[in-house]
Amino acid sequence: MSADQGLEQSLRPILDFLNRHFNAHRFLWLLAVACFLIAWNRGLALLYGLLSLIIAVQALSWFLPWKAMRNVRVSRLVLGVAQAGKQARIEYSISVPKSRYHLEISESSPCSFDKDEVSHFLPVVEQEAVFIGAMPCEMRGVFELDSVKVGCGWPFGFVSLRVTKETEPTQLVVMPKTVEIKNLPMLRSNIPAPDGYHQTARPDIQTEFAGVREYRFGDSLKHIHWAASARHQTMIVREYESHDRPQFLVVINATAESNIGEAPFSSFEYAVMLAASFIEYAIEHRVGLHFYCASSAPLAFSVAPESRSSKYYLEQLAWLNCDGTTSYQDAVREALEMFGEMNTIITVRNGTEMPDLPLLSGGHLDIIIDDESFIYPLRQYSDGWQNRSDSHQVLQVSRNSDFAEIFSI
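According to this note's numbering, the sequence shown is numbered sequentially starting from 87.
Shown next as structure tokens:
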């Protein structure tokens, strides 16, 4: 160790103390006290003048930032829909009666795990300014943005004041994170198809007209029923039913006692993430999918094979809460009664639950989440596929699972 390094280490505690407790503002106050004491003892008029100058600078350091932040108006607009694991784009609009300098707009991110604060520095605002900022989103959900903090240190920078400005409440919808599913096991169903053969996941498709419904974002324009749309004065599309392609029924558990861990690292959030990933898989491969979750406000919807976008469905998943009272067994039964027997039912449950599921005639993909991995995340946990039969497969996963590798079979 060199002499310079030894000196630096010996001075490090003093430097750390000064960095924590000493700044330009406090230095000026200490200088003012020193000038006053010296001038009082010696009667030096010059030091009295310097004392007056320091006090004037200190007063302006407080008054001018406060004046600069008066009548500052801030509004925001969320651009699009955000997704967990990415950043939300927010457009801020700043309006002031006269030019303002060195403004800082900041607010805490309610969808980040540590409520991180996001700050944006504006050197000059000429009456109006518009800029787009990014807000990190780590958690899925719907969040309210109702205030921002405006800071200013102009002109000297010795004092930086911050005030809270109430804004029009803005809703930030954060869709669940998804993982890429390249392949799923080909499960055999015991439900006879219309031709008498058992259904499998074949690449061809045969459909028949099943009815009409209102248009949803992502529906193909070629399925619009123009006559019905004219009668109802709203977009109506034809809905078709597939016989040869597999249909998926995804059911997740929403009882509060089954949720292990804290968002975004909880078993329920992982179940929602997997459900969202299956929706994207179904849309990409043009297969039908039904979803059901028995939360306090039960959520059920169907993804048509011809759907082209997952945004509408993932946005609905953003509103889900783990606050249901219906047991998982009953939720599966309700889903089967609502949607009927599908080719493949996908259940997502905790390993300690082992629910007594109803007898399933179709294929069954049973995803079991290791509870302890959300309590002791640093331990090693086994995961992967377990083939029980040609119509029943089990997938063991944990908090630390590499889902991209698991679903690349």
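All residues carry an ideal CB built from backbone N, CA and C; glycine is no exception.
Check: Residue(s) in a DSSP beta bridge with P209; Outcome: For P209, which the question treats as bridged, DSSP gives no partner whatsoever.
Check: Contact belief for T433 with G449 at Cβ below 8 Å, rounded distance in angstroms; Outcome: At roughly 12 Å, the Cβ-Cβ gap does not stay under 8 Å, so T433 and G449 are not in contact.
Check: Counted within 10 angstroms of its Cβ, other Cβ atoms place M272 as buried (16 or more) or exposed; Outcome: exposed
Check: Own chain residues within Cβ distance below 6 Å of K263, not counting five before or after; Outcome: A170, G171, M359
Check: Per-residue DSSP class, three states only, for A168; Outcome: strand
Check: Own chain, CB closer than 6 Å to I346, minus 5 neighbours either side, in chain order; Outcome: S353, D457, F460
Check: With 16 other Cβ atoms within 10 Å as the buried cut-off, status of V260; Outcome: buried
Check: Proximity below 8 Å, CB of D409 to CB of A349; Outcome: no
Check: Reference A417; option with closest CA among P384, V249, E193; Outcome: P384
Check: Rounded separation between G239 and A215 - CA only; Outcome: 19 Å
Check: Environment of M221 [buried if 16+ CB atoms lie within 10 Å]; Outcome: buried
Check: Extent of the continuous alpha helix (DSSP H) run through H318; Outcome: 312–318
Check: Nearest neighbour of L270, chosen from Y367, S161, P463, G135 [CA to CA]; Outcome: Y367
Check: Test item: CB-CB of V389 and Y399 under 8 Å; Outcome: yes
Check: Every unbroken beta strand (DSSP E) inside the region 121–165 [3 residues or more]; Outcome: 159–165
Check: Length of the line joining the Cα atoms of S233 and Y467; Outcome: 43 Å
Check: The alpha helix (DSSP H) enclosing Y356, as first and last residue numbers; Outcome: 353–370
Check: Whole-Å CB distance - G237 paired with R226, under 8 Å assumed; Outcome: Wrong, their Cβ atoms sit about 30 Å apart, outside the cutoff.
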